[in-house]
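Number of protein chains: 2
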Amino acid sequence: MRIARFSVREGSPAAGSVSFGIIEGDAAQPDSLVVHTLAGHPFGAPQPTGETHRLQDVRLLAPMLPSKIVAVGRNYADHAAELGNEVPAVPLTFFKPSTAVIGPTESIAYPPFSSDVQYEAELAVVIGRMCREVPLDRVPEVIFGYTCANDVTARDVQQREGQWARAKGFDTSCPLGPWIETDLDPADLAVTCTVNGELRQAGRTSQMARSVAELVAHISEAMTLLPGDVILTGTPAGVGPLNIGDEVAVSVEGIGTLANKVVKR
Amino acid sequence: MRIARFSVREGSPAAGSVSFGIIEGDAAQPDSLVVHTLAGHPFGAPQPTGETHRLQDVRLLAPMLPSKIVAVGRNYADHAAELGNEVPAVPLTFFKPSTAVIGPTESIAYPPFSSDVQYEAELAVVIGRMCREVPLDRVPEVIFGYTCANDVTARDVQQREGQWARAKGFDTSCPLGPWIETDLDPADLAVTCTVNGELRQAGRTSQMARSVAELVAHISEAMTLLPGDVILTGTPAGVGPLNIGDEVAVSVEGIGTLANKVVKR
Chain A
1 MRIARFSVRE
11 GSPAAGSVSF
21 GIIEGDAAQP
31 DSLVVHTLAG
41 HPFGAPQPTG
51 ETHRLQDVRL
61 LAPMLPSKIV
71 AVGRNYADHA
81 AELGNEVPAV
91 PLTFFKPSTA
101 VIGPTESIAY
111 PPFSSDVQYE
121 AELAVVIGRM
131 CREVPLDRVP
141 EVIFGYTCAN
151 DVTARDVQQR
161 EGQWARAKGF
171 DTSCPLGPWI
181 ETDLDPADLA
191 VTCTVNGELR
201 QAGRTSQMAR
211 SVAELVAHIS
221 EAMTLLPGDV
231 ILTGTPAGVG
241 PLNIGDEVAV
251 SVEGIGTLAN
261 KVVKR
Chain B
1 MRIARFSVRE
11 GSPAAGSVSF
21 GIIEGDAAQP
31 DSLVVHTLAG
41 HPFGAPQPTG
51 ETHRLQDVRL
61 LAPMLPSKIV
71 AVGRNYADHA
81 AELGNEVPAV
91 PLTFFKPSTA
101 VIGPTESIAY
111 PPFSSDVQYE
121 AELAVVIGRM
131 CREVPLDRVP
141 EVIFGYTCAN
151 DVTARDVQQR
161 EGQWARAKGF
171 DTSCPLGPWI
181 ETDLDPADLA
191 VTCTVNGELR
201 QAGRTSQMAR
211 SVAELVAHIS
221 EAMTLLPGDV
231 ILTGTPAGVG
241 PLNIGDEVAV
251 SVEGIGTLAN
261 KVVKR
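As given, the protein sequences belong to chains A and B, one line each in that order.
Positions 1 to 265 (UniProt numbering) are the ones given, in order, by the first sequence.
Positions 1 to 265 (UniProt numbering) are the ones given, in order, by the second sequence.
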């Protein structure tokens, strides 16, 4: 099932309202896609209102408004190596704030305090249930689904500041979308990034040093995860700079493509 | 003005309801203190409902539910030195998640993955307005008030993991309270910590390497701050271990005392 969050475009009686919805139709024929509006949130047993829109008539928003985003650094050995690092003995975890989240139709605003903003294509895990200390074998029960993420990073600020709140937490540094796929095995998915159509990253989730289940278990050992919280699982090799005017697109096999323009703040 | 967040104890018609309120009375005579219930949130022009409780009849909760907590490391030179560090050239900023927040009547639950949990007494700034890129001289306009915080830290995990999401983000690692003081000059306040009544930390905010205004300007250069967001301003020298059974108390001059027990998770 594909779950989106959207607002209805101008011209409809429902214009401006924000809802979750279930996308149906043939992804190979985008014109055929429709979104069935849900009442309230999509967790548990989603309740369709009966209202339907053509996907092309709505504006897709970030598919979730997480209370927190927990991200993992250096989870692909080839990416760790390209920045002169090793895969750490214990997963390296950091937060991105809710104010960093943008959706698939919004733009990355280049922060004025950096001159080296970079893309990082990632598989994102969306939590579906309040949980803590989740054992490895029960992790599937707490996962709602998966989406694409770009862990946008001010590389120069990251290297200068030691802890990464500003470098990875500035406004617009966490594009998420285009929707959440709830039926997906995360074990071996292609994760790619293009900039202006040129391929820059091409990894597979099977290269992750720690699996999705290991990451959720490790993070939830320390802290409660809430429905809608997001875990970013690390980026493969090939990270590089973004410039104002670029269009960056993150694709994850089985989900779709999250494209964002880069603009001046 | 002192702003609290509280629930009404059993036995009252309003039992269990959670509200913000204004505390009035003589702090030297705790029995005289009353809380005037507010309708909704306390930002802007707080609206009393006319309902009043004796402070001893309510349960104080964390005075705010922040969307994010931005904390600053090594902002007192003597504390940086005691852990073998220097005050960094650029402030070292990290996040604590909303799930880490507890109030003055709750307990710190010792996380099983650490064997060296430590207290860090801090002045906390509560943001009152949505803001970004706040110039130094306009910082007072975006501050709602101040409270006490304990930046509880799993020191062994912090040293092992590089980024501090688990070490400083575990559940109950962010006690806040007992209330928010809105009329306070943060320039030179005593910040102290006691464990079981013994003095462990005694600093003054005048020793901070970066002032409250500098920190708010620096953080908001990167990210939007929302009403209720909290900034922790660093801890003075004297950090040390907590053990199950301890009572740790953070006091900030002009605000009050935030006391929490340490219990087994």
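Even glycine gets a Cβ: it sits at the ideal position worked out from N, Cα and C.
In chain A, what lies closer than 7 Å to lysine 264 (chain B) by C-beta? The residue given as residue 264 (chain B) occupies position 264 in the second sequence. None at all; the shortest Cβ gap to chain A is about 14 Å.
When you compare the CB of aspartate 171 (chain B) with every CB in chain A, is at least one pair closer than 8 Å? As a working note, residue 171 (chain B) is residue 171 in the second sequence. Yes, its Cβ sits closer than 8 Å to a Cβ of chain A.
What did DSSP end up calling lysine 96 (chain B) once you bin it into helix, strand or coil? In the second sequence, residue 96 (chain B) corresponds to position 96, counting from 1. Of the three classes helix, strand and coil, the one that applies to lysine 96 (chain B) here is strand, per DSSP.
I'd like to check one pair, glycine 228 (chain B) with leucine 184 (chain B): are the Cβ atoms closer than 8 Å? The residue given as residue 184 (chain B) occupies position 184 in the second sequence. The residue given as residue 228 (chain B) occupies position 228 in the second sequence. Inclusion of leucine 184 (chain B) and glycine 228 (chain B) in the CB contact set at 8 Å is not warranted, their separation being larger than that value.
Leucine 38 (chain B) - containing beta strand (DSSP E), residue span: Taking the second sequence and counting its residues from 1, one reaches residue 38 (chain B) at position 38. Counting along the chain, leucine 38 (chain B) sits inside the beta strand (DSSP E) bounded by residues 34-38.
Exposed or buried, lysine 264 (chain A), counting other C-beta atoms within 10 Å across all chains shown (16 or more means buried)? Your numbering for residue 264 (chain A) matches position 264 in the first sequence. So lysine 264 (chain A) ends up on the exposed side.
On the three-state DSSP scale, how would you describe residue 269 (chain B)? The first residue shown for chain B is 1 and the last is 265, placing residue 269 (chain B) beyond what the model contains.
Measuring straight from C-alpha to C-alpha, what distance separates residue 268 (chain A) and arginine 54 (chain A)? Look at the range of chain A in this structure, 1 to 265, and you will see that residue 268 (chain A) is not part of it.
For glutamate 86 (chain B), which residues of its own chain have a beta-carbon under 7 Å away from its beta-carbon, when the five flanking residues on both sides are left out? Here residue 86 (chain B) refers to the residue found at position 86 when the second sequence is read from its first residue. Cβ neighbours of glutamate 86 (chain B) within its own chain (closer than 7 Å, five residues either side excluded): Ala80.
Considering only the beta carbon of each residue, do valine 191 (chain A) and proline 236 (chain A) sit closer than 8 Å? Locating residue 191 (chain A) in the first sequence gives position 191, counting from the first residue. Locating residue 236 (chain A) in the first sequence gives position 236, counting from the first residue. For valine 191 (chain A) and proline 236 (chain A), yes; Cβs fall inside 8 Å.
Inter-stretch contact at 8 Å, needing at least 3 Cβ pairs: the segment 118-135 of chain A / the segment 209-228 of chain A: Touching, per the Cβ criterion.
Helix, strand or coil at alanine 249 (chain B) according to DSSP, with G and I counted as helix: Position 249 of the second sequence, counted from the start, is the residue given in the question as residue 249 (chain B). Residue state for alanine 249 (chain B) is assigned as strand, using DSSP reduced to three classes.
Cα-Cα separation between glycine 245 (chain B) and arginine 59 (chain B), rounded to whole angstroms: Start at 1 with the first residue of the second sequence, and residue 245 (chain B) comes out as number 245. Start at 1 with the first residue of the second sequence, and residue 59 (chain B) comes out as number 59. The alpha-carbon of glycine 245 (chain B) is positioned some 21 Å away from that of arginine 59 (chain B).
Please determine if the segment 169-184 of chain A and the segment 146-154 of chain A are in contact, where contact requires at least 3 C-beta pairs separated by less than 8 Å. Remark: three or more beta-carbon pairs, one from each stretch, lie closer than 8 Å, so the segment 169-184 of chain A and the segment 146-154 of chain A are flagged as touching.
Sorted by chain position, which residues of the same chain lie with C-beta nearer than 6 Å to arginine 5 (chain A)'s C-beta, five sequence neighbours on each side aside? On the first sequence, position 5 is the one that residue 5 (chain A) refers to. Counting only Cβ-Cβ distances below 6 Å, and skipping sequence neighbours, we find Phe20, Leu61, Pro63.
Which whole-angstrom value is the C-beta distance of tyrosine 119 (chain B) and valine 195 (chain B), which I expect to be below 8 Å? By 1-based counting over the second sequence, the position of residue 119 (chain B) is 119. By 1-based counting over the second sequence, the position of residue 195 (chain B) is 195. That belief holds up - the Cβ atoms of tyrosine 119 (chain B) and valine 195 (chain B) are roughly 7 Å apart, short of 8 Å.
Taking 8 Å as the threshold, find out whether the segment 160-179 of chain B comes into contact with the segment 88-101 of chain B through three or more Cβ pairs. When C-beta atoms of the segment 160-179 of chain B are compared with those of the segment 88-101 of chain B, three or more pairs fall below 8 Å, so the two segments count as touching.
Do cysteine 193 (chain A) and serine 89 (chain A) count as a contact pair if the criterion is CB distance below 8 Å? For this step, residue 89 (chain A) is matched to residue 89 along the first sequence. For this step, residue 193 (chain A) is matched to residue 193 along the first sequence. In the sequence as presented, serine is not what sits at residue 89 (chain A); that position holds alanine. No, the pair does not count as a contact, with Cβ atoms beyond the cut-off.
Excluding five sequence neighbours on each side, which residues of the same chain lie with their C-beta closer than 6 Å to the C-beta of valine 250 (chain B)? Your numbering for residue 250 (chain B) matches position 250 in the second sequence. For valine 250 (chain B), where only same-chain residues beyond five positions count, the Cβ hits under 6 Å are Ala121, Cys148, Asn150, Cys193, Leu258.
Sorted by chain position, which residues of the same chain lie with C-beta nearer than 8 Å to threonine 52 (chain B)'s C-beta, five sequence neighbours on each side aside? Reading the second sequence from its first residue, position 52 is the one you call residue 52 (chain B). Within the same chain, threonine 52 (chain B) has close Cβ partners Val34, Val35, His36, Thr37.
Spell out whether any CB of chain A is found under 8 Å from the CB atom of methionine 223 (chain B). Translated into positions along the second sequence, residue 223 (chain B) becomes position 223. So, interface residue.
From the beta carbon of glutamate 161 (chain A), is the nearest beta carbon of chain B less than 8 Å away? Here residue 161 (chain A) refers to the residue found at position 161 when the first sequence is read from its first residue. Closer than 8 Å: yes.
Assuming threonine 233 (chain B) and valine 125 (chain B) form a contact by the criterion Cβ under 8 Å, report the distance between their Cβ atoms to the nearest whole angstrom. Locating residue 233 (chain B) in the second sequence gives position 233, where the first residue counts as 1. Locating residue 125 (chain B) in the second sequence gives position 125, where the first residue counts as 1. Contact annotation, threonine 233 (chain B) with valine 125 (chain B): C-beta distance approximately 7 Å; criterion of less than 8 Å satisfied.
What residues in its chain sit with their C-beta under 7 Å from that of leucine 215 (chain A), if we drop five residues either side in the sequence? Taking the first residue of the first sequence as 1, we reach residue 215 (chain A) at position 215. Same-chain partners within the cutoff: Val72, Pro91, Ile231, Thr233.
Determine the direct distance from the alpha carbon of isoleucine 23 (chain A) to that of glycine 50 (chain A), and round the result to whole angstroms. Reading the first sequence from its first residue, position 50 is the one you call residue 50 (chain A). Reading the first sequence from its first residue, position 23 is the one you call residue 23 (chain A). Distance between the alpha carbons of glycine 50 (chain A) and isoleucine 23 (chain A) is about 13 Å.
What runs of the alpha helix (DSSP H), each 4 residues or longer, lie entirely inside the segment 163-228 of chain B? For the segment 163-228 of chain B, whole alpha helix (DSSP H) runs of length 4 or above, ordered along the chain, are 165-169, 212-222.
For the beta strand (DSSP E) that contains glutamate 24 (chain A), what are its first and last residues? Taking the first sequence and counting its residues from 1, the one referred to as residue 24 (chain A) is at position 24. Note, glutamate 24 (chain A): beta strand (DSSP E), 18-24.
Check whether chain A comes within 8 Å of threonine 99 (chain B), counting only Cβ atoms and requiring the distance to be less than that. Locating residue 99 (chain B) in the second sequence gives position 99, counting from the first residue. Nearest CB-CB separation between threonine 99 (chain B) and chain A: below the 8 Å threshold.
Does the CB of leucine 92 (chain A) have a neighbour CB from chain B at under 8 Å? On the first sequence, position 92 is the one that residue 92 (chain A) refers to. Chain B, which has a Cβ nearer than 8 Å to the Cβ of leucine 92 (chain A), makes this yes.
Please name the residue in B:Gln158, B:Gln163, B:Gln159 whose C-alpha comes closest to that of glutamine 159 (chain A). Numbered from 1 along the first sequence, position 159 holds the residue referred to as residue 159 (chain A). Nearest C-alpha to glutamine 159 (chain A): B:Gln163.
7 Å CB neighbourhood of methionine 1 (chain B) in its chain, flanking five on each side removed: If you number the second sequence from 1, residue 1 (chain B) lands on position 1. Shown here for methionine 1 (chain B): same chain residues with a beta carbon closer than 7 Å to its own, the five before and five after excluded, namely Ile22, Thr182, Asp183 in chain order.
Contact list for arginine 9 (chain A) against chain B, beta-carbon separation under 8 Å: Counting from 1 along the first sequence, the entry for residue 9 (chain A) is found at position 9. Ordered by position in chain B, no residue passes the 8 Å Cβ test against arginine 9 (chain A), which lies about 25 Å from the chain.
Please classify leucine 136 (chain B) as buried or exposed, where buried requires at least 16 neighbouring CB atoms within 10 angstroms. If you number the second sequence from 1, residue 136 (chain B) lands on position 136. Classification for leucine 136 (chain B): exposed.
Is it buried or exposed for arginine 138 (chain B), if we count other Cβ within 10 angstroms and need 16 for buried? The residue given as residue 138 (chain B) occupies position 138 in the second sequence. Under this definition arginine 138 (chain B) is an exposed residue.
Taking proline 140 (chain A) as part of the alpha helix (DSSP H), name the residues at either end of that continuous run. Here residue 140 (chain A) corresponds to residue number 140 of the first sequence, with the count starting at 1. Here the alpha helix (DSSP H) through proline 140 (chain A) covers 139-142.
Neighbour list for arginine 132 (chain B) in chain A, Cβ cutoff strictly below 8 Å: Counting from one through the second sequence, the residue named residue 132 (chain B) turns up at place 132. Near arginine 132 (chain B) (Cβ distances below 8 Å), the residues of chain A are Asp171.
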